[in-house]
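J.: Residue numbers (full-length UniProt numbering): 1 to 303.
Ideal Cβ positions, reconstructed from N, Cα and C, are used throughout, including at glycine.
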Amino acid sequence: MASQPVPTSTPLSSLTPSSSSPAPHQLPPLPYRLRDHKRNIAIIWTLLALDAAILPLVLFYPLWFASDLNPAYIFAVTTSVFGLISGAEWAVRTWLLWRWEGLRPLGVDGPGGRWAFDFFHWSYSIGYTIALIELIIGAAPFRPIVRLCALPAPSFILFFGLLLLTFQVYCHLGFETPFRISSLPRGVPMRPLIYTILEDVIAVDTKCGRGYREQLKKRYEASPMFRGMLKRLNLFWGLPATVLGAGIVALVWIPQVPETVAYGIGWGVPPLWIGLWVVITIWWVQSALRKEKEEWCKHGTIC
Numbered sequence: 001m002a003s004q005p006v007p008t009s010t011p012l013s014s015l016t017p018s019s020s021s022p023a024p025h026q027l028p029p030l031p032y033r034l035r036d037h038k039r040n041i042a043i044i045w046t047l048l049a050l051d052a053a054i055l056p057l058v059l060f061y062p063l064w065f066a067s068d069l070n071p072a073y074i075f076a077v078t079t080s081v082f083g084l085i086s087g088a089e090w091a092v093r094t095w096l097l098w099r100w101e102g103l104r105p106l107g108v109d110g111p112g113g114r115w116a117f118d119f120f121h122w123s124y125s126i127g128y129t130i131a132l133i134e135l136i137i138g139a140a141p142f143r144p145i146v147r148l149c150a151l152p153a154p155s156f157i158l159f160f161g162l163l164l165l166t167f168q169v170y171c172h173l174g175f176e177t178p179f180r181i182s183s184l185p186r187g188v189p190m191r192p193l194i195y196t197i198l199e200d201v202i203a204v205d206t207k208c209g210r211g212y213r214e215q216l217k218k219r220y221e222a223s224p225m226f227r228g229m230l231k232r233l234n235l236f237w238g239l240p241a242t243v244l245g246a247g248i249v250a251l252v253w254i255p256q257v258p259e260t261v262a263y264g265i266g267w268g269v270p271p272l273w274i275g276l277w278v279v280i281t282i283w284w285v286q287s288a289l290r291k292e293k294e295e296w297c298k299h300g301t302i303c
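Here it is, written out as structure tokens:
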């Protein structure tokens, strides 16, 4: 049965690859502008900040220092609200990928494609599961393990940092994909993980669909400057995520650090770092894309 239209204001024509390719001298355009989605982005980041930092901290400290509640009850409250927003986002994303073929990776077609979620979805699911297990185990005892309950956020960024660096090394060594990675079939040259994250998030979460996946593929293959930018961005996120995540995990378990301080570091530092890196990334990408366009217009092609 044919897929149903995606419930979005995005024209259906943008959800499928265009039949016409740009002329060889043209820079393949990306059908996504950040300024067109500022409101939605602000809402999403506000909700994620509530889920990943504000609620765990706002609920924990007043209940810990200003109430007579048993620590087990305190963590029963904080654990119950963890992941409500990100979990709901995961559920919506699962439904979109399962229901609408026009949002799935290129080459994933037919009824069997419903269970072939994109690579970001699988990676996010693994990272989220690790964080949830840590929180459940830490909050389970009558006397909760506060330090373990401080690990979900740093563990999550450590997981993605290691994944980014692994892809960085594989790309540098010229490895081929061992299995399908979103729109990349098995046996083709690896690409930076940041490429796959960019493809999956914009295609699904902003509902730009396969039209964006196809145009991103064309842009990556056509522009050496674009490829170089993504490789540098991959390292820009992967290296500090790994170092910061590992450092916070180690710091949390140092006995000299009070457990209440460790909890604040674990939940407070990662979101602050992510927010700063997002701001730098936006500025960096906009600047790099302007330079890319100038060079393309100047030379017609980039060698």
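Can you tell me where the alpha helix (DSSP H) holding Q26 begins and where it ends?
T.: Per DSSP, Q26 belongs to no alpha helix (DSSP H) and is neither H nor E.
J.: Our contact map puts P152 next to L135 with C-beta atoms below 8 Å; I'd like the distance itself, whole angstroms only.
T.: 5 Å
J.: Count the other CB atoms, across all protein chains shown, that sit within 10 Å of the CB of S67; report buried if there are 16 or more and exposed otherwise.
T.: exposed
J.: For E294 and G87, what's the separation of their Cα atoms in angstroms?
T.: 42 Å
J.: Quick one: grab the DSSP three-state call for L69.
T.: coil
J.: Check this for me: beta carbons of L198 and F167, under 8 Å apart or not?
T.: no
J.: Taking contact to mean 3 or more Cβ pairs, one atom from each stretch, closer than 8 Å, check whether the segment 218–236 and the segment 284–292 are in contact.
T.: yes
J.: Between V146, W90 and P31, which lies nearest to I44 when the distance is taken from Cα to Cα?
T.: W90
J.: Look at F65 and T78 and say whether their C-beta atoms are less than 8 Å apart.
T.: no
J.: So, with DSSP's three-state summary, where would you put residue 337?
T.: Not covered by the structure: residue 337. The range shown for the chain is 1 to 303.
J.: Within the chosen definition, does the segment 238–249 reach the segment 208–224 through at least 3 CB pairs nearer than 8 Å?
T.: No: fewer than three Cβ pairs fall under 8 Å.
J.: What would DSSP say about L184, mapped onto helix, strand or coil?
T.: Look at L184 here: in three-state DSSP terms it is strand.
J.: Between the Cα of A150 and those of V252, Y220 and I137, spot the shortest distance and give me the residue it belongs to.
T.: Measuring from the Cα of A150, the nearest candidate turns out to be V252.
J.: Expressed to the nearest angstrom, what Euclidean distance is found between the alpha-carbon atoms of V92 and E176?
T.: 32 Å
J.: DSSP three-state label for P152, please.
T.: helix
J.: Apart from the five residues on each side of it in sequence, which residues of its chain come closer than 7 Å, Cβ to Cβ, to Q215?
T.: Only P28, P29, L30 and P31 meet the Cβ criterion.
J.: Drop a sphere of 10 angstroms on the beta-carbon of Y73, count the other beta-carbons inside from all chains shown, and report buried for 16 or more, exposed for fewer.
T.: exposed
J.: Once the 5 residues before and after Y220 are set aside, which same chain residues still bring their CB inside 8 Å of it?
T.: R191, Y195, F226, R227 and L230
J.: Just to confirm, is the Cβ distance from A76 to A139 under 8 Å?
T.: yes
J.: DSSP on residue 306, reduced to helix/strand/coil?
T.: Only positions 1 to 303 of the chain appear in the structure, and residue 306 is not among them; the question remains open.
J.: Check for me: the alpha helix (DSSP H) holding I145 runs from which residue to which?
T.: Element bounds for I145: n/a, residue is neither H nor E.
J.: Rounded to a whole number of angstroms, what is the C-alpha to C-alpha distance between I157 and W122?
T.: 15 Å
J.: What residue range does the alpha helix (DSSP H) around Y212 cover?
T.: Taken as a continuous stretch (DSSP letters only), the alpha helix (DSSP H) holding Y212 covers G209 to A222.
J.: Between V201 and F120, is the Cβ-Cβ spacing less than 8 Å?
T.: yes
J.: If you measure between the beta carbons of G107 and P185, is that distance less than 8 Å?
T.: Less than 8 Å separates the beta-carbon of G107 from that of P185.
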